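Engineer: Just dropping this structure here.
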Amino acid sequence: SRFYSVIHGGVGTILRTNFPREEQEQYLEALRTSLRDGFRILESGGTAIDAVEAAVRYMEDSPFFNAGKGAVYTIGGNIELEASIMDGSNHRASACTLLHHIRNPITLARTMLTTKPPVPHVFLGGAQAEAFARDKELEFVEQGYFYTEKRWKQHIEGLEYPPSNSESKGTVYGKSVPRDHDPNPMG
Amino acid sequence: TVGAVAVDREGNIATATSTGGRNNKWDGRIGDTPLIGSGTWAENATCGVSGTGNGEFFIRYAVCHDVASRMRYLGESVQEAAATVVEGLRKVEGEGGVVAVDRYGEVAMPFNSPGMYRGYIRADMEPQVFIF
């Protein structure tokens, strides 16, 4: 009857002195809720796979974390998401990347893992991954769903050549805009 | 990045990780999260691990798999293995951390950055959550 769950919501580069107590508490409460979501499944006899999907799914839907809603932007002003899941009982795993419209990438990875007939590949990316998700009737959203003011501001501040309209909230830039080709872009 | 590792009543371990990547990454860049062994690993014989941080380093050092390998081949505990791997990352200027659980429910949550959002829960206890 021993079962356990551990989660993370990413690493922080902000120092404690610059992190308001009220904001810290919002993050902590989101972490607690994620833990409870996963643990409730374990308590009721559910599998570890079910539990980790539920815990991560909550954080994908929360604007506080860099996954799903609240994700960071690419240098081109896009949201590109990725996720993976692994079952330790049989070494089965599934992963997906370069996703632009899947609300919950972890659910796509989970669906790839458990669907019948089995997906013959571990790792799908881009258009094919989203086509599979559409076939399985997973939830799609517009890029604007992922927008948060905080992440957009981080994106703009990290660009060497920011767009003239920094309030554009997720506008994709034209190809004529010079790009920062630093292999370790600010972020 | 977010991640979770769980051990169920049957003793099975699973790991899940999800991310938006790095701020202002190149379009088309793939990080460690979807690469099994780099940002995600699970095997019942050792542990489950989920990583977060500078993905390029997690890929080059196969971080999550390395935690399990140290347990398997060196007989280290999950805490020893995870701490050693994350400390090794720091030495090569790779910033990040992992959460890991072994099959006995021992938890490790080391990181080398100023903070890491993390937490754990066991039966008959309230969730334990931390930032710094």
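Going line by line, the protein sequences match chains A and B. Residue numbering for the first sequence follows this note's numbering, starting at 329 and increasing by one per position. Residue numbering for the second sequence follows this note's numbering, starting at 115 and increasing by one per position. Cβ atoms here follow ideal geometry from the backbone N, Cα and C, with glycine treated the same way. Just so you know, these numbers come straight off a predicted model, no measurement behind them.
Identify which residue in B:E124, B:M239, B:T154 has its Cα closest to the Cα of H336 of chain A.
Structural biologist: On the first sequence, residue 336 of chain A is found 8 positions in, with the first residue counted as 1. Nearest C-alpha to H336 of chain A: B:T154.
Engineer: Take the Cβ of K397 of chain A as the centre, count every other Cβ of all protein chains shown within 10 Å, and call the residue buried at 16 or more, exposed below.
Structural biologist: One-based indexing of the first sequence puts residue 397 of chain A at position 69. Burial is judged here by how many other beta carbons sit within 10 angstroms of a residue's own beta carbon; K397 of chain A has at least 16 and is buried.
Engineer: N226 of chain B: which of B:V206, B:R143, B:I144 sits nearest, CA to CA?
Structural biologist: For the purposes of this step, residue 226 of chain B is identified with residue 112 of the second sequence, where counting begins at 1. For the residues B:V206, B:R143, B:I144, the minimum Cα distance to N226 of chain B belongs to B:V206.
Engineer: Would you mind reading off the limits of the beta strand (DSSP E) that contains V334 of chain A?
Structural biologist: Taking the first sequence and counting its residues from 1, the one referred to as residue 334 of chain A is at position 6. 332 to 340 is the span of the beta strand (DSSP E), which, as asked, contains V334 of chain A.
Engineer: Can the beta-carbon of T198 of chain B be found closer than 8 Å to that of A182 of chain B?
Structural biologist: As a position in the second sequence, residue 198 of chain B is number 84, starting the count at 1. As a position in the second sequence, residue 182 of chain B is number 68, starting the count at 1. No. Outside cutoff.
Engineer: By a C-beta neighbour count over all protein chains shown, 10 Å radius and 16 as the cutoff for buried, is T290 of chain A buried or exposed?
Structural biologist: For chain A, the structure presents residues 329 to 515; residue 290 of chain A sits outside this window and is missing.
Engineer: Are any of the Cβ atoms in chain A nearer than 8 Å to that of K139 of chain B?
Structural biologist: Translated into positions along the second sequence, residue 139 of chain B becomes position 25. Using beta-carbon distances, K139 of chain B counts as an interface residue toward chain A, with a partner under 8 Å.
Engineer: Give me the residue from A:L427, A:G486, A:L487 with the minimum Cα distance to F468 of chain A.
Structural biologist: As a working mapping, residue 468 of chain A is identified with position 140 in the first sequence. Considering only alpha carbons, the answer is A:L427.
Engineer: State yes or no: is the beta carbon of R344 of chain A nearer than 8 Å to at least one beta carbon in chain B?
Structural biologist: Taking the first residue of the first sequence as position 1, residue 344 of chain A is located at position 16. Judged by the 8 Å Cβ criterion, R344 of chain A is in contact with chain B.
Engineer: Going by C-alpha to C-alpha distance, which of B:R184, B:V163, B:D180, B:S152 sits closest to E79 of chain B?
Structural biologist: No answer is possible for residue 79 of chain B: the residues shown for chain B start at 115 and end at 246.
Engineer: Report yes if the C-beta distance between S412 of chain A and A399 of chain A is below 8 Å; otherwise report no.
Structural biologist: Sequence index remark: in the first sequence, residue 412 of chain A carries index 84 (1-based). Sequence index remark: in the first sequence, residue 399 of chain A carries index 71 (1-based). No, the Cβ-Cβ distance between S412 of chain A and A399 of chain A is not below 8 Å.
Engineer: Give me the Cα-Cα distance between P224 of chain B and V213 of chain B, rounded to the nearest whole angstrom.
Structural biologist: Residue mapping note: residue 224 of chain B aligns to position 110 of the second sequence, counting from 1. Residue mapping note: residue 213 of chain B aligns to position 99 of the second sequence, counting from 1. Their backbone Cα atoms lie some 7 Å apart in a straight line.
Engineer: If you compare alpha carbons, which of B:M185, B:Y218, B:C178, B:G233 is closest to L203 of chain B?
Structural biologist: What you label residue 203 of chain B is simply residue 89 of the second sequence in a count that begins at 1. If you compare the alpha carbons of B:M185, B:Y218, B:C178, B:G233 with that of L203 of chain B, the shortest gap goes to B:C178.
Engineer: The region 154 to 168 of chain B: which residues have C-beta closer than 7 Å to a C-beta of chain A, in chain order?
Structural biologist: T154, W155, A156, E157, N158, G162, S164, T166, G167
Engineer: Could you check how far apart the C-beta atoms of Y355 of chain A and Y231 of chain B are, in whole angstroms? I think they sit under 8 Å.
Structural biologist: The residue labelled residue 355 of chain A in the question sits at position 27 within the first sequence. The residue labelled residue 231 of chain B in the question sits at position 117 within the second sequence. Confirmed, about 6 Å.
Engineer: Given a cut-off of 8 Å, decide if L487 of chain A and N138 of chain B are closer than it, judged by their beta-carbon atoms.
Structural biologist: For the purposes of this step, residue 138 of chain B is taken as residue 24 along the second sequence, with counting starting at 1. For the purposes of this step, residue 487 of chain A is taken as residue 159 along the first sequence, with counting starting at 1. Cβ distance < 8 Å, so N138 of chain B and L487 of chain A count as in contact.
Engineer: Can you list, in chain order, the residues of its chain whose CB lies under 7 Å from that of E209 of chain B, leaving out five sequence neighbours each side?
Structural biologist: Stepping through the second sequence from its first residue, residue 209 of chain B is reached at position 95. Counting only Cβ-Cβ distances below 7 Å, and skipping sequence neighbours, we find G167, N168, N226, S227.
Engineer: Step through the CB atoms of chain A and report whether any lies within less than 8 Å of the CB of F172 of chain B.
Structural biologist: As a position in the second sequence, residue 172 of chain B is number 58, starting the count at 1. Under the Cβ distance rule, F172 of chain B does not count among the residues neighbouring chain A, no pair being separated by less than 8 Å.
Engineer: Going by DSSP in three states, I173 of chain B sits in which element: helix, strand or coil?
Structural biologist: Counting from 1 along the second sequence, the entry for residue 173 of chain B is found at position 59. Looking at I173 of chain B - three-state DSSP - the assignment turns out to be helix.
Engineer: Which term fits K444 of chain A, buried or exposed, when burial requires 16 or more other beta carbons within 10 angstroms of its beta carbon?
Structural biologist: Position 116 of the first sequence holds residue 444 of chain A. Per the 10 Å Cβ criterion, exposed.
Engineer: Does the beta carbon of L413 of chain A sit closer than 8 Å to a beta carbon anywhere in chain B?
Structural biologist: The sequence position of residue 413 of chain A within the first sequence is 85, counting from 1. Just to set this straight, residue 413 of chain A is Ile in the shown sequence, not Leu. With 8 Å as the cut-off, I413 of chain A counts as an interface residue toward chain B.
Engineer: Show which residues of chain B have a CB atom less than 7 Å away from the CB atom of F468 of chain A.
Structural biologist: The residue you call residue 468 of chain A lines up with position 140 of the first sequence. Neighbours of F468 of chain A on chain B: none; closest Cβ ~16 Å, over 7 Å.
Engineer: Less than 8 Å between CB atoms is the rule here; does A376 of chain A satisfy it with respect to chain B?
Structural biologist: Reading the first sequence from its first residue, position 48 is the one you call residue 376 of chain A. So, interface residue.
Engineer: Can you give the Cα-Cα distance for V163 of chain B and A196 of chain B, rounded to whole angstroms?
Structural biologist: Here residue 163 of chain B refers to the residue found at position 49 of the second sequence. Here residue 196 of chain B refers to the residue found at position 82 of the second sequence. Going by the C-alpha atoms only, they are around 9 Å apart.
Engineer: How about R248 of chain B: is its C-beta nearer than 8 Å to some C-beta of chain A?
Structural biologist: Outside the shown range of chain B (115 to 246) lies residue 248 of chain B, about which nothing can therefore be said.
Engineer: Are any of the Cβ atoms in chain B nearer than 8 Å to that of I407 of chain A?
Structural biologist: The residue labelled residue 407 of chain A in the question sits at position 79 within the first sequence. Cβ-Cβ to chain B under 8 Å: yes for I407 of chain A.
Engineer: Just curious, the alpha helix (DSSP H) that F246 of chain B is in, first and last residue?
Structural biologist: Position 132 of the second sequence, counting from 1, holds the residue named residue 246 of chain B. No alpha helix (DSSP H) holds F246 of chain B; DSSP gives it neither H nor E.
Engineer: May I ask you to list the residues that DSSP assigns as paired with S412 of chain A?
Structural biologist: Taking the first residue of the first sequence as 1, we reach residue 412 of chain A at position 84. Partner(s): A:A423, B:T131.
Engineer: Note down, in chain order, all residues in the region 376 to 394 of chain A with a beta-carbon under 7 Å from any beta-carbon belonging to chain B.
Structural biologist: A376, I377, A379, V380, E381, A383, V384, M387, E388, F393, N394
Engineer: Quick check: S390 of chain A and G366 of chain A, are their CB atoms within less than 8 Å of each other?
Structural biologist: Along the first sequence, read from residue 1 onward, the residue named residue 390 of chain A stands at position 62. Along the first sequence, read from residue 1 onward, the residue named residue 366 of chain A stands at position 38. For S390 of chain A and G366 of chain A, no; Cβs fall outside 8 Å.
Engineer: Please confirm whether G502 of chain A has its beta-carbon closer than 8 Å to some beta-carbon of chain B.
Structural biologist: In the first sequence, the residue the question calls residue 502 of chain A occupies position 174. Low confidence applies to G502 of chain A: its pLDDT is 46, below 50, so where it sits in the model is not reliable enough to give any reading.
Engineer: Quick one: using the 10 Å Cβ neighbour count with 16 as the cut-off for buried, is N394 of chain A buried or exposed?
Structural biologist: The residue you call residue 394 of chain A lines up with position 66 of the first sequence. Buried, since its Cβ has 16 or more Cβ neighbours within 10 Å.
Engineer: Please state the DSSP three-state secondary structure of S362 of chain A.
Structural biologist: On the first sequence, position 34 is the one that residue 362 of chain A refers to. The answer is helix: DSSP assigns S362 of chain A an H, G or I state.
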